[in-house]
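> So that we are looking at the same thing, I have put the structure below in structure tokens.
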Amino acid sequence: MDLDPRLLRYFIAVAEERHFSRAATRLHISQPPLSYAIRQLEDNVGARLLTRTSRHVELTDAGQVLYREALTLLRQAEEVRTLVQRVDAGLRGRLRIGFVGSMLYRGLPALLNAMRAGLPDVEHVLTELNSHDQIEAVRRGEQDLGFIHANPVPPGVLARDLMAEPFVVCLPQAHPLASRESLRLAELAADDFVFFARAASPSYYETVLSMCVSAGFMPVIRHEVRHWLSVASLVSQGLGVSIVPACLSRSGLAGTRFIAFEHAARSVSQMIWPEAGRTPLQEKAVEMAGRHGWESPETP
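No gaps in the numbering here: position 52 of the sequence shown is 35 in this note's numbering, and each next residue is one more.
The structure is reproduced here in structure tokens:
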């Protein structure tokens, strides 16, 4: 059975106007093509749909059924068309977003709220992963967008720097230097250190290590963890000291003090996404993230 949407629209106009001339005027066509279209539709469905008199048109029982179903079919067709257009325009779909925990203090929640408002028909699926695992997930096509600590990325993965911030020293509240406004890194040479694991982010590990070496000492690395909040949590329990991005001072973690020290290095945050096979939704998300006002904290 051929249910041409054009024929259905013509039929609906006749059914609602109950008059061929008025229906033709409504459709902006002449009456003969309209009459032919209705006969063609009746042939297609194999049933008489209308009874005609000199004054008006009445629907047969079959016509009443077709009228109700035609309204539903055309509405569904319009919904499908709109859905396809929104997906093609990047306004609908599923967006898989990875992030390192420290991005929660750099403005990521504000971006996610902006995405929810600007892309209300998009499902946002968030996964906390370290930088290395995010890069691999994007490379394998398992993640659409990632927010990481700056790292070298392999072919097939694109990266954009979002912001840079200073590092600060993180001390337990009871540390002898915790009341200071600033210090020299060399003053911590005898302390145990909590480090961000090399496997989780080689660049961060090397950056922090090089700062210690430049200050004249090789740090005693007592603990290695894979998340910055874990670093700060261990410090708060008196298990060592650390060097962390300044954004961690916003964490509100009790038992810690964040103190400035002189250094040239910066903690750089990046956005990553796949180079090939990008969808309009991914393009839209990358564009929104690139325009977002990322928060770059100053040293305490």
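Beta carbons are placed, not taken as given, at the ideal position from N, Cα and C, and that holds for glycine.
None of the values given here were measured: they were computed from a predicted structure.
Return yes when the Cβ of histidine 132 is within less than 8 Å of the Cβ of serine 252, no when it is not.
Along the sequence shown, read from residue 1 onward, the residue named residue 252 stands at position 269. Along the sequence shown, read from residue 1 onward, the residue named residue 132 stands at position 149. Taking 8 Å as the cut-off, the beta carbon of serine 252 is found closer than this to the beta carbon of histidine 132.
> Starting from the N-terminal side, write out each stretch of the beta strand (DSSP E) that is 3 residues or longer and does not extend beyond the segment 2 to 43.
33 to 35, 40 to 42
> Output the distance between the C-alpha atoms of glutamate 111 and phenylalanine 82, rounded to the nearest integer angstrom.
Against the sequence shown, residue 111 aligns to sequence position 128. Against the sequence shown, residue 82 aligns to sequence position 99. Using only the alpha carbons, I get a separation of about 5 Å.
> Which same chain residues, not among the five before or five after leucine 109, have their C-beta less than 7 Å away from its C-beta?
Within the sequence shown, residue 109 is the residue found at index 126, counting from 1. Around leucine 109: Ile80, Phe82.
> Tell me whether tryptophan 211 sits in a helix, a strand or coil according to DSSP, three-state version.
For the purposes of this step, residue 211 is taken as residue 228 along the sequence shown, with counting starting at 1. DSSP places tryptophan 211 in helix when its eight states are reduced to three.
> Whole beta strand (DSSP E) runs in the segment 87 to 143 with 3 or more residues, listed along the chain?
Along the segment 87 to 143, the beta strand (DSSP E) occurs as fully enclosed runs of 3 or more residues at 104 to 111, 128 to 132, listed in sequence order.
> Which of the three DSSP states is assigned to glutamine 156 in this structure?
Here residue 156 corresponds to residue number 173 of the sequence shown, with the count starting at 1. If DSSP states are grouped into helix, strand and coil, glutamine 156 belongs with coil.
> Am I right that tryptophan 277 and glycine 90 are in contact with their C-beta atoms under 8 Å? What's the rounded C-beta distance?
Taking the first residue of the sequence shown as 1, we reach residue 277 at position 294. Taking the first residue of the sequence shown as 1, we reach residue 90 at position 107. Tryptophan 277 to glycine 90, Cβ: 5 Å. Contact.
> According to DSSP, simplified to helix, strand and coil, what is leucine 145?
Position 162 of the sequence shown, counting from 1, holds the residue named residue 145. Leucine 145: strand per DSSP, three-state reduction.
> Take the Cβ of tyrosine 19 as the centre, count every other Cβ of all protein chains shown within 10 Å, and call the residue buried at 16 or more, exposed below.
To locate residue 19, count along the sequence shown from 1; it is residue 36. Its Cβ having fewer than 16 others within 10 Å, tyrosine 19 is exposed.
> Along the chain, where does the alpha helix (DSSP H) containing threonine 262 start, and where does it finish?
Locating residue 262 in the sequence shown gives position 279, counting from the first residue. Counting along the chain, threonine 262 falls outside any alpha helix (DSSP H), and DSSP gives it neither H nor E.
> Does the segment 243 to 261 come close enough to the segment 211 to 218 to have 3 or more Cβ pairs within less than 8 Å?
no
> Please tell me whether, using a cut-off of 7 Å, the distance from the CB of alanine 100 to the nearest non-hydrogen atom of the ligand GDP is below it.
Ligands in the displayed structure: none, and consequently the ligand GDP is not present.
> Using only alpha-carbon positions, find the residue among Arg38, Ala53, Ala30 that is nearest to aspartate 44.
As a working note, residue 44 is residue 61 in the sequence shown. For aspartate 44, the nearest C-alpha among the options comes from Ala30.
> Should proline 202 be labelled buried (16 or more other beta-carbon atoms within 10 Å of its own) or exposed?
In the sequence shown, the residue the question calls residue 202 occupies position 219. Proline 202 is buried by the Cβ-count criterion.
> Quick check on the burial criterion: 16 or more other C-beta atoms within 10 angstroms. Buried or exposed for proline 228?
If you number the sequence shown from 1, residue 228 lands on position 245. Buried.
> According to DSSP, is methionine 254 part of a helix, a strand, or is it coil?
Indexing the sequence shown from 1 puts residue 254 at position 271. Three-state result, methionine 254: strand.
> Counting C-beta neighbours from all protein chains within 10 Å, is the total for valine -3 16 or more, i.e. buried, or is it exposed?
To locate residue -3, count along the sequence shown from 1; it is residue 14. It counts as buried.
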